[in-house]
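In case it helps, numbering that gives the first Met the number 0 puts the sequence shown at residues 0 to 272.
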Amino acid sequence: MLTKSSAHVHTQYCDGRSTAEEMVRAALALGLVSLGFSSHAPQTFGRPCCVLPAEMPAYRREIQRLKTACAGRLAIYTGLEVDYFACEPPTGCDYFIASVHYMPEGHTPVDGKTEELRAYIDHYCGGNGMELAKRYFELLVKHTTQCRPDIIGHFDLLRKNNARLHFLDEESPAYRRLALDALSALRPIGALLEVNTGAMARGALSTPYPAAFLLRAWRDMGGEVMVNSDCHFADKLAYGYDEAEALLRASGFDHAYRLGRGNEKWVAYSLIA
0 MLTKSSAHVH TQYCDGRSTA EEMVRAALAL GLVSLGFSSH APQTFGRPCC
50 VLPAEMPAYR REIQRLKTAC AGRLAIYTGL EVDYFACEPP TGCDYFIASV
100 HYMPEGHTPV DGKTEELRAY IDHYCGGNGM ELAKRYFELL VKHTTQCRPD
150 IIGHFDLLRK NNARLHFLDE ESPAYRRLAL DALSALRPIG ALLEVNTGAM
200 ARGALSTPYP AAFLLRAWRD MGGEVMVNSD CHFADKLAYG YDEAEALLRA
250 SGFDHAYRLG RGNEKWVAYS LIA
């Protein structure tokens, strides 16, 4: 039975490197059952990683064209990844992902250049990486609670640059309590927590977002999950899925969700062979 899908895919309409058509060709070659495009929604400042407002109609038309062309072979969905600073409301799309990439002061990216984040920590957090984590999770909880998405995107995104800068101890009880409290605050929303392999595909991490202790806690809370690739390059469309599903099984999950076909947008599938 086909199960693989990704609801988190970026193209040249935002910061992806492949076209939407190249992503579709890769999906068909891999035998994916469904594919969801989730370009970064237009935002309130000038970073060039999002869809420009004037290009939103073209983005929607292109996905609709591919959806029609692939009818019966691949289910295609139009989504958006909506950051805290997005100015495009998530209307007219099939689903949306809530995420936080930027800190308010200077719109410093959490997952961007290491020197930018190091300067932010030194200037705004007194050199304290735990203060950055506190600010990040507070913003994530505020944003996600307000917009109530279908999917919670890369929950612990700050791990990407922590692997390089080592600004906090991810094993420390203080950090784990901070992350767990934020996760618990998001559970009542009912959104799917994505297991995101994007940083693995780009060589930044060896494991997906979120960390294993968070997945175990989410399982204990009764939360549901889905595996997404956060793909920017068509040849990485299903990168790390076997590892992600193995991590889910080890965390106590016997099923995950994916984008469906036909009348069912979200479909559960078994993780047990």
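In this text, a Cβ means the ideal position worked out from N, Cα and C, and glycines have one as well.
For this session: Over the uninterrupted beta strand (DSSP E) stretch that includes residue 257, give me the two end residues.
Result: Locating residue 257 in the sequence shown gives position 258, where the first residue counts as 1. Secondary structure note for residue 257: its beta strand (DSSP E) is the uninterrupted segment 254 to 258.
For this session: May I ask which residues mark the beginning and end of the alpha helix (DSSP H) holding residue 143?
Result: One-based indexing of the sequence shown puts residue 143 at position 144. Looking at the DSSP string, the run of the alpha helix (DSSP H) that includes residue 143 is 128 to 146.
Problem set entry | 8 Å Cβ cutoff met for residue 33 and residue 9 | Position 34 of the sequence shown, counted from the start, is the residue given in the question as residue 33. Position 10 of the sequence shown, counted from the start, is the residue given in the question as residue 9. A distance of 8 Å or more separates the beta carbons of residue 33 and residue 9.
For this session: Hey, could you find the ends of the alpha helix (DSSP H) residue 160 is sitting in?
Result: Position 161 of the sequence shown, counting from 1, holds the residue named residue 160. Run containing residue 160: 158 to 164, per the alpha helix (DSSP H) assignment.
Exercise. So is residue 131 buried or exposed if we call it buried at 16+ other beta carbons inside 10 Å?
Worked result: On the sequence shown, position 132 is the one that residue 131 refers to. Per the 10 Å Cβ criterion, buried.
For this session: Can you grab the Cα-Cα spacing for the pair residue 124 / residue 181, in whole Å?
Result: Indexing the sequence shown from 1 puts residue 124 at position 125. Indexing the sequence shown from 1 puts residue 181 at position 182. Distance between the alpha carbons of residue 124 and residue 181: 19 Å.
For this session: Kindly provide the ranges of any beta strand (DSSP E) runs that are 3 or more residues long and lie completely inside the stretch 0 to 58, ordered along the chain.
Result: Within the stretch 0 to 58, the complete beta strand (DSSP E) runs of at least 3 residues are 33 to 39.
For this session: Evaluate residue 227 with the Cβ neighbour count: other Cβ atoms within 10 Å of its Cβ, from every protein chain shown; 16 or more gives buried, anything less gives exposed.
Result: Working through the sequence shown from its first residue, we reach residue 227 at position 228. Buried, because 16 or more other Cβ atoms sit within 10 Å of the Cβ of residue 227.
Exercise. Any chance the stretch 157 to 175 sits against the stretch 141 to 148, with 3 or more Cβ pairs inside 8 Å?
Worked result: In this structure the stretch 157 to 175 does not lie against the stretch 141 to 148, because fewer than three pairs of beta carbons, one per stretch, are closer than 8 Å.
For this session: Pick out whichever of 185, 172, 93 has its Cα sitting closest to the Cα of residue 35.
Result: Numbered from its first residue, the sequence shown carries residue 35 at position 36. When C-alpha distances from residue 35 are compared across 185, 172, 93, the shortest belongs to 93.
Problem set entry | Same chain, Cβ closer than 6 Å to residue 198, five either side skipped, listed in chain order | Reading the sequence shown from its first residue, position 199 is the one you call residue 198. Taking C-beta separations shorter than 6 Å and ignoring five residues to either side along the sequence, the partners of residue 198 in its chain run 159, 204, following chain order.
Exercise. Is it right to say residue 241 is buried, meaning 16 or more other beta carbons lie within 10 angstroms of its own, or is it exposed?
Worked result: Walking along the sequence shown from the start, residue 241 turns up at place 242. Looking at its Cβ environment, which holds fewer than 16 other Cβ atoms inside 10 Å, residue 241 is exposed.
Exercise. The alpha helix (DSSP H) with residue 263 in it runs from where to where?
Worked result: In the sequence shown, residue 263 corresponds to position 264, counting from 1. For residue 263, there is no enclosing alpha helix (DSSP H), as DSSP marks it with neither H nor E.
Exercise. Can you give the Cα-Cα distance for residue 153 and residue 51, rounded to whole angstroms?
Worked result: Counting from 1 along the sequence shown, the entry for residue 153 is found at position 154. Counting from 1 along the sequence shown, the entry for residue 51 is found at position 52. Whole-angstrom Cα-Cα distance: 23 Å.
Exercise. Which one or two residues does DSSP pair with residue 279 in a beta bridge?
Worked result: Outside the modelled stretch of the chain, which goes from 0 to 272, sits residue 279, for which no answer is possible.
Exercise. Counting pairs of Cβ atoms below 8 Å between the stretch 57 to 74 and the stretch 111 to 123, do you hit three or more?
Worked result: Look at the beta carbons and you see the stretch 57 to 74 not touching the stretch 111 to 123: under three pairs across the two are nearer than 8 Å.
Exercise. Thinking C-alpha only, which one of 156, 163, 133 is nearest residue 173?
Worked result: On the sequence shown, position 174 is the one that residue 173 refers to. For residue 173, the nearest C-alpha among the options comes from 133.
Exercise. Across which residues does DSSP place residue 62 in a beta bridge pair?
Worked result: Working through the sequence shown from its first residue, we reach residue 62 at position 63. Residue pairing for residue 62: DSSP places it in no beta bridge.
Exercise. For the ligand NAD, any of its heavy atoms closer than 7 Å to the Cβ of residue 250?
Worked result: The ligand NAD is absent from the structure shown, which contains no ligand whatsoever.
Exercise. Under a three-way DSSP split, which group does residue 280 fall into?
Worked result: Residue 280 is absent from the structure shown; the chain starts at 0 and stops at 272.
For this session: For the alpha helix (DSSP H) holding residue 183, just list the boundary residues, first then last.
Result: Taking the first residue of the sequence shown as 1, we reach residue 183 at position 184. For residue 183, the enclosing alpha helix (DSSP H) starts and ends at 172 to 185.
For this session: Enumerate in chain order the residues of its own chain whose CB-to-CB distance from residue 176 is below 7 Å, with the five nearest sequence positions on each side excluded.
Result: Residue mapping note: residue 176 aligns to position 177 of the sequence shown, counting from 1. Within the same chain, and ignoring the five residues on either side of residue 176 in sequence, no residue has its Cβ closer than 7 Å to its Cβ.
Exercise. Among 201, 30, 75, which residue has its Cα nearest to the Cα of residue 258?
Worked result: Locating residue 258 in the sequence shown gives position 259, where the first residue counts as 1. Residue 75 is the option with its Cα nearest to residue 258.
Problem set entry | In DSSP terms, what residue 151 is bridged to | Counted from its first residue, the sequence shown places residue 151 at position 152. Answer is 97, 192.
For this session: For residue 208, name the three-state secondary structure that DSSP assigns.
Result: Working through the sequence shown from its first residue, we reach residue 208 at position 209. The three-state secondary structure of residue 208, taken from DSSP, is strand.
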